[in-house]
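*Asks:* Quick one: this structure, given as structure tokens, is what I'll be asking you about.
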Amino acid sequence: MKYLPAVILLAVPFLYAQDEPPAPPAPRPVGVKITRPAVVGIAGTPPVGGTLVTYGYSWEEPATGSALHGLTSFYEQTVQKHITLFVSTTEPLVRAGNLAIGDTSPGFKIRSGEETRWRPVMAVFYSVKVPVATTGFGTGLYDHKVTLAADKGIGRTRWTGNFSTCWAGQKNGTYLRQYQPSLSALTRWHRRGGSILQAYWTTAGKHYGGFVAAPFIQVNGAFNVFAGGMRNVGPATTRYGVIAGFNYMHRPRR
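Numbers -17 to -1, 1 to 237, taken from mature numbering (1 follows the signal peptide of the UniProt record, and there is no 0), label the letters of the sequence shown in order.
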């Protein structure tokens, strides 16, 4: 019994250690969003108070006419746990020596519960295309778009599926309904890098599809850079192109 006080003194720190909450898991590295061509939207959202910033350059070679160069920015801010506001702008645009601005598309996203082992995270988002583009660089009409998105991690690959419905404004005052399914696979081959592949099909125009492929480098948990290319199939306006850009996630301090 003479050793009992010493045993109690040694046991007290271990008892308190059992009561301490586990350390929170490290935040998931920011994903790779490609702003142009914007064929896949991510269901996941930044943390509350956080902001996703995506900036990208694109060079698009059309079936006829001069190539189009543009810079596109995307900002997404989480205002509530499951609600975000976002805006996408394309400016400047350059074609055949002419400098212009593109359209602006604000919108909002509503996300479902957290991802589980068997259930993906899902979201629905709405955006409106505001026709502010310089004459000759846009339709000059409003478009409304609703997208259903789902994200799920399987192994080292994160899959994202979209189904979009767009009401495209027509010159006679009506709206033409268009559909676009798409699929994305983001694979992390290494802690510092990976690749992203995207494929889509749209009923816009004469119906066409395309592919996007880009390797990326994860500089840190909040910043990555990517560069790659795109190739369309079918009677598309753009035949192929080159893309490059970065994603940055601002996370609020805890």
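Ideal placement from N, C-alpha and C gives every residue a C-beta, glycine not left out.
Give the range of the beta strand (DSSP E) segment to which ILE226 is assigned.
*Replies:* 221 to 233
*Asks:* Could you spell out where the beta strand (DSSP E) holding ASN145 opens and where it closes?
*Replies:* ASN145 -> beta strand (DSSP E) spans 140 to 152.
*Asks:* In terms of alpha-carbon separation, which member of GLY48, GLN63, GLU97 and ARG141 lies closest to GLY80?
*Replies:* GLY48
*Asks:* Bridge partners of ILE185, per DSSP?
*Replies:* Sequence inspection shows Thr at residue 185; the Ile mentioned does not correspond to that position. The partner list for THR185 (beta bridge, DSSP) reads TYR191.
*Asks:* How many Å lie between residue 245 and SER110 at the Cα?
*Replies:* Nothing about residue 245 can be reported from this structure: the residues present for the chain run from -17 to 237 only.
*Asks:* According to DSSP, simplified to helix, strand and coil, what is LEU35?
*Replies:* In the structure shown, LEU35 adopts extended strand secondary structure according to DSSP, grouped into three states.
*Asks:* Are at least three pairs of beta-carbons, each pair with one atom in the region 217 to 230 and one in the region 9 to 29, less than 8 Å apart?
*Replies:* yes
*Asks:* Can you pull the DSSP bridge partners for VAL115?
*Replies:* Answer by DSSP bridge pairing: none, since VAL115 is not bridged.
*Asks:* Quick one: what's got a C-beta closer than 6 Å to LEU35's C-beta in the same chain, skipping five residues either side?
*Replies:* PRO29, GLU59 and MET232
*Asks:* How many Å lie between ASN215 and GLY144 at the Cα?
*Replies:* One alpha carbon belongs to ASN215, the other to GLY144, and they sit about 19 Å apart.
*Asks:* On the three-state DSSP scale, how would you describe PHE120?
*Replies:* Under the three-state reduction of DSSP, PHE120 is assigned to coil, being neither helix nor strand.
*Asks:* Please report the Cβ distance between LEU124 and GLN163, rounded to the nearest whole angstrom; I am assuming they are in contact, meaning their Cβ atoms lie under 8 Å.
*Replies:* So it is not a contact: roughly 18 Å between Cβ atoms.
*Asks:* Might you give, ordered along the chain, the residues of its own chain that have their beta carbon closer than 8 Å to the beta carbon of VAL172, omitting 5 neighbours on each side?
*Replies:* The question names Val, but residue 172 in the sequence shown is Trp. Only ARG139 and SER178 meet the Cβ criterion.
*Asks:* Would you give the residue range spanned by the beta strand (DSSP E) that ASP134 belongs to?
*Replies:* 126 to 137
*Asks:* Does the distance from the CB of PRO114 to the CB of ASP134 come in under 7 Å?
*Replies:* no
*Asks:* Do ALA197 and PHE209 have their beta-carbon atoms positioned less than 7 Å apart in this structure?
*Replies:* In this structure, ALA197 lies closer than 7 Å to PHE209 by Cβ.
*Asks:* Does DSSP classify PRO89 as helix, strand or coil?
*Replies:* strand
*Asks:* Where DSSP assigns a beta bridge to ARG160, which residues make up the other side?
*Replies:* TRP150
*Asks:* ILE66 and ILE93 look like a contact to me (Cβ under 8 Å); what is the Cβ gap, rounded to whole Å?
*Replies:* Yes, they are in contact, since the Cβ atoms of ILE66 and ILE93 sit about 6 Å apart, within 8 Å.
*Asks:* In whole angstroms, what is the alpha-carbon distance linking TRP184 and SER165?
*Replies:* 7 Å
*Asks:* Going along the chain, which residues of its own chain have a beta-carbon closer than 7 Å to the beta-carbon of TYR191, five neighbours each way excluded?
*Replies:* THR185, ASN215, VAL216, GLY217, PRO218 and ALA219
*Asks:* Compare the C-alpha of HIS52 against each of PHE120, GLY156 and GLY188 and name the closest.
*Replies:* PHE120
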